[in-house]
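Printed below as a string of structure tokens:
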């Protein structure tokens, strides 16, 4: 008998095999358009999220960005610093959330963007999904979502983590950041499958992908054409983007060099596209072997 024969077949409400903790209906975000940003680790999700938040703010939208990674560096280009995390602040009051004020965990960044870092439990001691849930609960309790037009969740890259899945219970659209290479597209393929599993019982749908830090988009476009997905934007591999993070600034605060201006326009165009509403995308993710055949080289 195989060891796997002893593993029970789990059938959860979030798709076959899922045992994800479910969202309390009272904690749904109903007053804003909600986007969750996904992609493999190191692909530039935080850079994309922060510049997208800045772009929405330039369109006059009231924006809240929530970092969902224990590294808590999602919003530092908006605020110019690493802000305290929700989980750390809760620890300081022995998890008596009623003792907190909004200014204890919500910080103002560039052009009025509100910034929150959920943080995460120490390695091996808890679930990131719990932290995301507590963060949204606090925001609701303090009415911080009542005057917000756009919420952006910047999500950690681990597809199997509860911290990855929790924002999907709130989001309207999921945006995937990728690059024009095999590893990034392979990760995107897995993320597509994960989001679609959630969409069985939640409102979240796929918006499309952003080709980031890539000179070309031929491999991304080939994958998208094969599975029926949409590339919504292309952010080239510019040194100005690297410099902006070193300066702890968004691209909208950098000097008006020609390349910087062009990328800003692409972020604003992406924000306009997402605000106007994207048709829900329903691609067909590929089995691993077919990904190799599609993108591999002889």
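Numbering (our numbering), first residue to last: 10 to 307. In this text, a Cβ means the ideal position worked out from N, Cα and C, and glycines have one as well.
Close Cβ partners of residue i (< 8 angstroms) along its chain, the five nearest in sequence each way excluded
i, result
"residue 287", "182, 216, 217, 239, 241"
"residue 1", "Here the chain has residues from 10 to 307 only, and residue 1 is not among them."
"residue 106", "99, 143, 146, 147, 150"
"residue 201", "185, 215, 236, 238, 292, 294"
Per DSSP, the bridge partner or partners of residue i
i, result
"residue 308", "Here the chain comprises residues numbered 10 to 307, so residue 308 is not present and cannot be evaluated."
"residue 45", "162, 183"
"residue 75", "125, 162"
"residue 290", "215"
"residue 228", "Beta-bridge pairing links residue 228 to no other residue."
"residue 117", "123"
Neighbourhood of residue i by C-beta distance below 7 angstroms, restricted to the same chain and skipping five residues each side
i, result
"residue 98", "109, 113, 114"
"residue 128", "79, 81, 94, 95, 96, 97, 140"
"residue 91", "81, 82, 85"
"residue 247", "268, 272"
"residue 266", "249"
Cβ-based neighbour list, residue i, same chain, cut-off 6 angstroms, excluding 5 preceding and 5 following
i, result
"residue 88", "116, 118, 124"
"residue 289", "214"
"residue 195", "300"
"residue 54", "46, 48, 163, 186"
Enclosing beta strand (DSSP E) for residue i [first to last residue]
i, result
"residue 126", "123 to 126"
Residue i: first and last residue of the uninterrupted alpha helix (DSSP H) it sits in
i, result
"residue 114", "111 to 114"
"residue 191", "191 to 207"
"residue 90", "Note, residue 90: premise wrong, no alpha helix (DSSP H); not H, not E."
"residue 271", "267 to 285"
"residue 57", "54 to 67"
"residue 103", "Note, residue 103: premise wrong, no alpha helix (DSSP H); not H, not E."
"residue 301", "297 to 304"
Cβ contact (3+ pairs, closer than 8 angstroms) linking the region 200 to 213 and the region 154 to 165:
Between the region 200 to 213 and the region 154 to 165, the count of C-beta pairs closer than 8 angstroms stays below three; the two stretches do not touch.
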